[in-house]
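S.K.: To start, I am sharing the structure in question, which I have written as structure tokens.
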Amino acid sequence: MYQSTATIQITPPNSRILEYADFSSEGSGYLAQQQFYTTQYEILRSRDLAESVVRAEGVEDHPELTGEIRQRSLIGELRALPGAIAAATQPKRSSATAGLDADQLRERAIRNAGGALRGRIGVEPVRNSNLVYIRVQAFDAQFAARMANAVVREYTRSTMQRRFASGTQAREFLEDQLAAMRISLERADQALLDFAQANQVADLEQRMLMATSSLNDLNTRLSTVETELVQLGSFKTMIERGQAADINLINESQQVRDLRQQRAQLATEYSSLSQRFKEDYPTLVELRNQMDTISDQIAEERTLAIRSILSRYNSMLAEAESLRDAIERREGGILALSQQGVQYNILKRDFETNRELYDGLLQRM
0 MYQSTATIQI TPPNSRILEY ADFSSEGSGY LAQQQFYTTQ YEILRSRDLA ESVVRAEGVE
60 DHPELTGEIR QRSLIGELRA LPGAIAAATQ PKRSSATAGL DADQLRERAI RNAGGALRGR
120 IGVEPVRNSN LVYIRVQAFD AQFAARMANA VVREYTRSTM QRRFASGTQA REFLEDQLAA
180 MRISLERADQ ALLDFAQANQ VADLEQRMLM ATSSLNDLNT RLSTVETELV QLGSFKTMIE
240 RGQAADINLI NESQQVRDLR QQRAQLATEY SSLSQRFKED YPTLVELRNQ MDTISDQIAE
300 ERTLAIRSIL SRYNSMLAEA ESLRDAIERR EGGILALSQQ GVQYNILKRD FETNRELYDG
360 LLQRM
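Terminal number for the sequence shown in numbering that gives the first Met the number 0: 364, no gaps in between.
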């Protein structure tokens with residue numbers, strides 16, 4: 000029996016469809032490559048491939064595959080060959096083939112011949128390479144060589160068909176994904192535009208800066224008002240307790256100081272004259288009247304100062320309350336602007352992600 004050997008190179012296909020993903024389920028890495036090669040070896044040994052070779056070469060009735068040639072001596076083989084060929088050309092009828100048409104009979108012959116050919120095919124991978132030896136045994140050397148080459152051709156053809164089908168499926172997949180992604184991109188773009196128009200996003204950053212600056216001013220003013228309220232509150236407590244005379248703010252006012260100085264001068268003059276004249280002396284009487292008038296003026300100034308302190312306290316109290324309300328509203332406005340910014344950024348990232356995915360798919364078409 001003769002043996003013919005053909006050599007084929009098997010290389011894993013590059014099945015990356017996207018830059019960021021692998022469309023193929025074969026995966027990558029050492030294990031995936033081993034699985035790929037094992038699969039290819041089994042395809043080479045498969046009955047389907049053997050039947051495809053038989054069908055392509057039209058050797059379903061060849062004596063090598065029908066069992067009509069057995070291993071024997073060369074002379075005996077040559078003597079029996081004409082009879083075997085004649086027998087092969089004679090139509091056969093049996094209960095097993097009765098009622099079958101020509102196409103069905105041919106398919107049965109192909110299956111039988113494919114099984115016989117499969118048993119004669121050997122697959123031997125070459126170590127540390129992508130090469131594979133395809134060995135076919137036959138009684139006829141030319142037939143063995145023919146079948147070895149036919150196995151390689153048929154394997155190559157079927158591989159190209161599978162890859163073409165895979166490429167077609169990948170393109171259809173990309174087209175479907177591209178259509179869906181185009182819709183998602185348009186929706187994301189429209190959502191971003193609608194939100195930007197409804198919330199005046201164009202000047203959102205400027206409005207945020209202005210609101211933050213205004214809030215800082217309000218907080219600074221509130222701090223000043225609250226500090227003054229603490230002092231005015233202590234004055235108010237002293238006034239309510241009848242201790243207004245102890246408040247320096249009242250006693251040290253310019254008007255009170257001037258009046259007290261005038262009264263002191265009159266008192267000095269009165270003291271000097273009282274040593275020489277009696278109390279009913281007209282000048283002394285006039286001096287007493289002037290000092291009484293100044294004392295009344297000092298009392299009136301103190302009353303006005305007390306009223307001013309109480310009025311100032313009430314005014315600062317109202318301003319503090321107003322400032323707190325304004326700060327609360329401003330903080331709410333800043334929070335709303337911040338939420339708008341967050342929502343806008345979410346929509347923007349969604350749009351950019353859809354754009355990136357769409358561009359990635361488009362580049363692979």
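We put the CB at the ideal spot given by N, CA and C, even for glycine.
Since the structure is predicted, the reported quantities are computational estimates derived from the model, not experimental observations.
Which residue comes first and which comes last in the beta strand (DSSP E) that contains V135?
M.R.: Its beta strand (DSSP E) spans residues L130 to A137.
S.K.: If you drop the 5 nearest sequence neighbours on each side, which residues of the same chain put their C-beta closer than 6 Å to that of A381?
M.R.: Outside the shown range of the chain (0 to 364) lies residue 381, about which nothing can therefore be said.
S.K.: Which one of S273, Q261 and E318 has the shortest CA to CA distance from D291?
M.R.: Comparing Cα positions, the closest option is Q261.
S.K.: Could you tell me the distance, in whole angstroms, from the CA atom of I133 to the CA atom of F35?
M.R.: So the two alpha carbons sit approximately 18 Å from each other.
S.K.: Does the distance from the C-beta atom of M207 to that of L336 stay below 8 Å?
M.R.: Yes. Within cutoff.
S.K.: Return the residue from the list L346, R170, L322 and A147 that minimises the CA-CA distance to S183.
M.R.: With distances taken between Cα atoms, S183 lies closest to L346.
S.K.: Roughly how many angstroms separate the alpha carbons of I9 and A147, rounded to a whole number?
M.R.: Their backbone Cα atoms lie some 16 Å apart in a straight line.
S.K.: Counting only the same chain and skipping the five closest in sequence on each side, list residues whose C-beta sits under 7 Å from that of S94.
M.R.: Interpretation of S94 is limited by its pLDDT of 49, a score under 50 that renders its predicted location unreliable; the figure taken from the coordinates is listed afterwards. The answer is none, since no qualifying residue turns up.
S.K.: Going by DSSP in three states, I333 sits in which element: helix, strand or coil?
M.R.: I333 falls in the helix class under three-state DSSP.
S.K.: Runs of 4 residues minimum, wholly inside the segment 28-75: which ones carry the alpha helix (DSSP H) assignment?
M.R.: Taking only runs of at least 4 residues, the alpha helix (DSSP H) segments lying wholly in the segment 28-75 are 29-44, 46-56 and 62-65.
S.K.: Assuming contact is defined by CB atoms lying nearer than 8 Å, are S3 and A140 in contact in what I supplied?
M.R.: Yes, they are a contact pair.
S.K.: For E153, I'd like the list of residues in its chain whose CB is within less than 8 Å of its CB, leaving aside the five on either flank, ordered along the chain.
M.R.: Only L48, S51, V52 and A55 meet the Cβ criterion.
S.K.: Count the C-beta pairs between the segment 299-307 and the segment 323-340 that are closer than 8 Å, then say yes if the count reaches three, no if not.
M.R.: No, the segment 299-307 does not touch the segment 323-340.
S.K.: How about N390 and A164: are their beta carbons less than 8 Å apart?
M.R.: This structure cannot settle anything about residue 390, because the visible part of the chain is limited to 0 through 364.
S.K.: What residues are listed by DSSP as bridge partners for S157?
M.R.: Looking at the DSSP assignment, S157 forms no beta bridge with any residue, so it has no partner.
S.K.: In whole angstroms, what separates the C-alpha of P281 from that of E225?
M.R.: Using only the alpha carbons, I get a separation of about 55 Å.
S.K.: May I have the straight-line CA-CA distance separating E351 from L361, to the nearest angstrom?
M.R.: Taking the straight line joining both Cα atoms gives about 15 Å.
S.K.: So A325 packs on L217, CB below 8 Å; how close in whole Å?
M.R.: Confirmed, Cβ separation roughly 5 Å.
S.K.: Taking V131 and I7 to be in contact with their CB atoms under 8 Å, please state how far apart those CB atoms are, rounded to whole angstroms.
M.R.: Contact holds; Cβ gap of about 5 Å.
S.K.: Should R240 be labelled buried (16 or more other beta-carbon atoms within 10 Å of its own) or exposed?
M.R.: The residue is exposed, with fewer than 16 neighbouring Cβ atoms inside 10 Å.
S.K.: If you compare alpha carbons, which of Q160, D202, R275 and L228 is closest to R311?
M.R.: Among Q160, D202, R275 and L228, the Cα nearest to that of R311 is on L228.
S.K.: Ignoring anything shorter than 4 residues or poking outside the segment 222-296, list the alpha helix (DSSP H) runs there in chain order.
M.R.: If we require 4 residues or more, the alpha helix (DSSP H) runs fully inside the segment 222-296 come out as 247-250 and 253-273.
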